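Taken in order, these protein sequences are the chains called H and D.
If you're matching positions, the first sequence starts at -6 in our numbering and goes up one per residue.
If you're matching positions, the second sequence starts at 99 in our numbering and goes up one per residue.
Using N, Cα and C, we set each Cβ at its ideal position, and we do this for glycine too.
Because the structure is a prediction, the values reported are computed rather than measured.
In what follows, a structure is listed as structure tokens, so that the remarks can point back to it.
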Amino acid sequence: MKQIRIIDVTLRDGMHAISHQLSAHEMGKIAQKLDESGIGMIEIGHGDGIGGSSLQYGLAKSLDREYFEAVSTVLKNCKMDVLLIPGIGTIEDLKVAMEYGAHTVRVATHVTEADVSEQHIMFAKKNGLEAIGFLMMSHMASVEKVAEQAKLMENYGADTVYVTDSAGAMVPNDVKMRISAVKEAINIPVGFHAHNNLGLAVGNTIAAIEAGATVVDGSVRGLGAGAGNTQLEALVAVLNKMGYDTGIDLYKLMDIGQNVIDPIMCRPQIISNDALAIGYAGAYGSFLLHARRAAEKFGVDSRDILLELGRLKTVGGQEDLIIDVAIELSKKQKTK
Amino acid sequence: MKMKAAILGPGNIGIDLMIKILKRKRLDLVMMAGIDPNSYGLKLAQEKGIKTTIEGIDGILKAGNIDIVFDATGAKAHQVNAPLLKKAGIFAVDLTPAAVGPYCIPAVNLDYDSDVDNVNMVTCGGQATVPIVYAMNRVTPVEYAEIVATLSSKSAGPGTRQNIDEFTETTSNALVKVGGAKKGKAIIILNPADPPLMMRNTIYCKCDVSRIEEIVSSVNAIVTEVKKYVPGYHLKVAPYADGERIVAMVEVEGAGDYLPKYSGNLDIITSAAVAVAEHYADQNEGAN
Chain H
-6 MKQIRIIDVT LRDGMHAISH QLSAHEMGKI AQKLDESGIG MIEIGHGDGI
44 GGSSLQYGLA KSLDREYFEA VSTVLKNCKM DVLLIPGIGT IEDLKVAMEY
94 GAHTVRVATH VTEADVSEQH IMFAKKNGLE AIGFLMMSHM ASVEKVAEQA
144 KLMENYGADT VYVTDSAGAM VPNDVKMRIS AVKEAINIPV GFHAHNNLGL
194 AVGNTIAAIE AGATVVDGSV RGLGAGAGNT QLEALVAVLN KMGYDTGIDL
244 YKLMDIGQNV IDPIMCRPQI ISNDALAIGY AGAYGSFLLH ARRAAEKFGV
294 DSRDILLELG RLKTVGGQED LIIDVAIELS KKQKTK
Chain D
99 MKMKAAILGP GNIGIDLMIK ILKRKRLDLV MMAGIDPNSY GLKLAQEKGI
149 KTTIEGIDGI LKAGNIDIVF DATGAKAHQV NAPLLKKAGI FAVDLTPAAV
199 GPYCIPAVNL DYDSDVDNVN MVTCGGQATV PIVYAMNRVT PVEYAEIVAT
249 LSSKSAGPGT RQNIDEFTET TSNALVKVGG AKKGKAIIIL NPADPPLMMR
299 NTIYCKCDVS RIEEIVSSVN AIVTEVKKYV PGYHLKVAPY ADGERIVAMV
349 EVEGAGDYLP KYSGNLDIIT SAAVAVAEHY ADQNEGAN
């Protein structure tokens, strides 16, 4: 059977959908279930990665350390992974995750800024961690640029490089072209991370696999920023039908969705108008709830905010600009 | 007699410093020191009639007549340079994250002890945001200060990129040590949009939001102070209360001395460094 590696992001990207309000205790319980389903690796913590708990992105219910402790003590076969966005998280934050046996760190940068990951990838490799480069907002750069930046991460020592569709803005051909080019440029595995803002998460993930990606992400019920990630149960079912061995028990995964994830969701993980606006405009997925809040506070349409953020070519992490844009839009409304 | 100054490190920061010092004519810039004979910054200095050396710190020490050195090298180099400058009785303005001496934000704490002979300029994000935190904290105690600095990719050189952890750590330390907050956190974002965006900073403070009116006037007062040495510094969004926090945003337009105007992040730290050096000159001229 054909092999594919899957990384579950329910307990990291999924935190965006619930404003990072899962407690360490709850996270530990879910992690245990995921472990039992046969998933090989789970990414955990604040939606913006280690050190992400902030007024800018939202304070998490528990401390990074508490999440690591709760999850690491229940895992038997599954490995723990953390996300580090340089500029938000630091090596000091990573050291805390290492105390609790983190196996992998994914170092995430905007697709054109791979050179800020050098420090962190080199540190991870020197200390025996698996290091995965994560090129966010890959839709914003040309195919050649994505390949060039992936090569930088390989040179720093990364074990795998991801093409990441943080905005859920790519159509299958965008994915294929980028994955093929990266595959051509580097000699390490290539991964793909999708968002479902255009309803293409499963389809794009399959397109990535067909173009040569061998590591892909998913989350139970698709829990994640914007319209969510690739829904893992659906992906596993599709991969089974295509003859891939994922090592994951589909029924167990479905049960986690129904019994564990459904009850913690604040709203259905659907392609709402705002999520669609994000995918359409190419704005960062986690802007969704922040834009809604700002729209309400300043009396403007959240879709207008999101489209303007796309037009301004904002990158991941610029949640503060949402307020600024909302204020400007409300001023314009008043002068009309 | 004007005080004699030298610049160590002829990169973007060194060149911008050079242009500012020459423009203001308050200090006598006598040397630009580097270690690479092909450095563009050294060539530019020669064109402006400034003496150059490729012996780095040794070249400066050999010159024997220098009062003030701007160190725009890197943290590791400054660790080596600092004791040498001290021994030679030279006042050091440190633009690296080494932080051998106390942090200085001119609008807040130019009144450091008179025996201080090495001053650290924190980071561009620190220069832009610490004054705002300080202004809030002098009205009502700031329990927690968090800042987000967004720079255009073009204006962030390899020094910033390879040491991004040092940037966030130094900035958050300064929010506490100079700004007065009980806890601090700093986030930096690089944005590659073209044309490049201006340096923008968002400041969030947890404090008594009922004092918002006093906070606004205190912040306005400090912005006026910063403008004295960084004319392009301005409030983008005046402080307002959002739940239990105060939010404010500042933008920094550069003077366009060396890099274009979007590089306000470069401008604010070089301008602050020049302000510190001029203050030192005001205090000590005639003494030597």
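A direct Cα-Cα distance of roughly 13 Å separates G172 of chain D from G154 of chain D. If you look at M163 of chain H, you'll find it isn't in any beta strand (DSSP E); DSSP assigns it neither H nor E. The C-beta of K88 of chain H comes no closer than 7 Å to any C-beta of chain D.
Within chain D, no C-beta atom comes nearer than 9 Å to that of G40 of chain H; the closest sits roughly 14 Å away. Under the Cβ criterion of 7 Å, V308 of chain H is counted among the residues facing chain D. Taken in chain order, the unbroken stretches of alpha helix (DSSP H) that lie wholly in the segment 146 to 209 of chain D and span 4 residues or more are 154 to 161, 173 to 185 and 204 to 207. In this structure, D:V217 is the residue among D:D380, D:V217 and D:P290 with its C-alpha nearest to the C-alpha of D169 of chain D. By the criterion of a C-beta distance shorter than 8 Å, I263 of chain H is surrounded in its chain by A220, once the five residues flanking it on both sides are discounted. Assigned with DSSP and collapsed to three states, E264 of chain D falls in helix. Contact check for A101 of chain H against F127 of chain H passes: the beta carbons are separated by less than 7 Å.
Around the CB of C259 of chain H, fewer than 16 other CB atoms lie within 10 Å, so the residue is classed as exposed. The Cβ-Cβ distance between V104 of chain H and M133 of chain H falls below 7 Å. By the neighbour-count criterion, in which 16 or more other beta carbons inside 10 Å mark a residue as buried, R5 of chain H falls on the buried side. T83 of chain H and S212 of chain D have their C-alpha atoms roughly 35 Å apart. Residues of chain D whose Cβ lies closer than 8 Å to the Cβ of D108 of chain H are, in chain order, P256, R259 and Q260. As DSSP reads the structure, Q262 of chain H sits in no beta bridge.
Within the DSSP bridge table, the entry for A288 of chain H names no partner. For M116 of chain D and A175 of chain D, the gap between their C-alpha atoms comes out near 20 Å.
In the three-state reduction of the DSSP assignment, M115 of chain H falls in the helix class. Contact between the segment 127 to 143 of chain D and the segment 185 to 193 of chain D is absent, with fewer than three C-beta pairs closer than 8 Å. Under the three-state reduction of DSSP output, K280 of chain D falls in the coil class, being neither helix nor strand. The Cβ atoms of P204 of chain D and A373 of chain D sit closer than 7 Å to each other.
In the pairwise beta carbon analysis, the segment 223 to 241 of chain D is classified as touching the segment 296 to 306 of chain D: at least three pairs are separated by under 8 Å. If you draw a straight line from the Cα of T66 of chain H to the Cα of L333 of chain D, it comes to about 48 Å.
For the segment 210 to 241 of chain D, the set of residues with a beta-carbon nearer than 7 Å to any beta-carbon of chain H is empty. Within the DSSP secondary-structure output, D74 of chain H pairs in a beta bridge with H:E36 and H:T97. Flagged as an interface residue toward chain H: T300 of chain D, by a C-beta distance shorter than 7 Å. Between A187 of chain H and D158 of chain H, the C-beta gap is smaller than 7 Å, which places the two residues in contact.
In this model, K359 of chain D and N222 of chain H are separated by some 40 Å (Cα to Cα). Closest option to T221 of chain D, judged by alpha-carbon separation, among D:A254, D:A233, D:G341 and D:M99: D:A254. Taken atom to atom, the span from the alpha-carbon of G38 of chain H to that of E383 of chain D is near 56 Å. Boundaries around A201 of chain H are those of the alpha helix (DSSP H), A194 to E203, since no beta strand (DSSP E) includes it.
Three or more beta-carbon pairs drawn from the segment 241 to 257 of chain H and the segment 206 to 214 of chain H are found closer than 8 Å, and the two stretches are therefore classed as touching. Against chain D, a Cβ distance below 7 Å from T83 of chain H picks out D263, T266 and E267. At a beta-carbon threshold of 9 Å, the residues of chain D lying near H103 of chain H are S251, I287, L288, N289 and P290, ordered along the chain. Around the beta carbon of V75 of chain H, 16 or more other beta carbons sit within 10 angstroms, so the residue counts as buried.
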